[in-house]
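Reading through the structure tokens given below for one structure.
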Amino acid sequence: MKRLFLVLFAGLVLAGCASSGVDPLAPKTVNSVNLKKYQGTWYELARLPMYFQRNCAQSEARYTLKPDGNVAVLNRCLTPDWQWEEARGTAYPQVPGKTDKLWVEFDNWFSRLIPGVAKGEYWVLYVSDDYKTAIVGDPSRKYLWLLSRTPKVNGVVREELLSKARQQGYDTTRLIWRATDTQMAKTSN
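Under this note's numbering, the first residue of the sequence shown carries the number -2, and numbering increases by one thereafter.
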């Protein structure tokens, strides 16, 4: 009986190790992203705290589809003292042919020193049918960005984005919202 229990237990452990690699608790991504429609400028409406954006009052990303199918990334951040900081990189599919889960690798000293190690996960969790709003996160739910083609959205759209992020398990109470130009002017005086 003891031997049967050990064999069954070992079988369960091995079956668990042979999973499909899909985490059932991970956020759900959209099925597909039309990268041609997705390219262009996106304004960050809100984000979860992130070290690399600690000095950002307003942020935007510009995506350009490259001939090889990858995406050139230009992230820009306006600091409270009205200085622009930029980071350039490339986004590419985590799984060839799938466009909802991307790796993003920025061109910096660390990625040049150790290529392939310094990359972040960019999961498209939601994109509106007209490609005017989007939600991007990562599987750990540590990072989240609410994006729009315009620097501001109305209250209905804002609440819709917040609701979708909460449904995916993200803590929206910690979001850092884009500073308005008026707020920026007050901090610089």
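We treat Cβ as the ideally placed atom computed from N, Cα and C, and that holds for glycine.
Bear in mind the structure is a predicted one, so any value in this text is a computation, not a measurement.
Spatial distance of residue i from residue j (CA atoms)
i, j, result
"Pro90", "Thr170", "30 Å"
"Leu143", "Ser29", "18 Å"
"Trp100", "Val133", "12 Å"
"Ala69", "Ala88", "6 Å"
"Glu83", "Ser160", "30 Å"
"Arg146", "Thr96", "19 Å"
"Ser137", "Ala23", "7 Å"
"Trp81", "Arg73", "7 Å"
From the options, residue whose alpha carbon lies closest to that of residue i
i, options, result
"Glu102", "Thr96, Arg51, Glu156, Arg85", "Arg85"
"Glu57", "Arg44, Arg138, Asp65", "Arg44"
"Lys25", "Arg163, Glu41, Asp127", "Arg163"
"Leu75", "Ala54, Gln50, Arg155, Gly152", "Ala54"
"Thr38", "Val27, Arg59, Asn31, Pro21", "Arg59"
Residue i, enclosing beta strand (DSSP E) - first and last residue
i, result
"Tyr60", "55 to 62"
"Tyr119", "116 to 124"
"Gly134", "130 to 134"
"Leu22", "No beta strand (DSSP E) holds Leu22; DSSP gives it neither H nor E."
"Arg73", "68 to 75"
"Ser29", "Element bounds for Ser29: n/a, residue is neither H nor E."
Opening and closing residue of the alpha helix (DSSP H) in which residue i lies
i, result
"Ala162", "152 to 164"
"Lys33", "32 to 35"
Beta-bridge partners of residue i, as assigned by DSSP
i, result
"Phe103", "Gly86"
"Ala176", "According to DSSP, which records beta bridges pairwise, Ala176 is partnered with nothing at all."
Cutoff 7 Å; reference residue i; Cβ partners in own chain excluding five residues on either side
i, result
"Met47", "Tyr140"
Cβ-based neighbour list, residue i, same chain, cut-off 6 Å, excluding 5 preceding and 5 following
i, result
"Lys(-1)", "With a pLDDT of only 36 at Lys(-1), under 50, the local geometry of the prediction cannot be trusted, and the value read off the model is given with reservation. Excluding sequence neighbours, Lys(-1) sits near nothing in its chain."
"Leu42", "Leu143, Ser145, Arg175"
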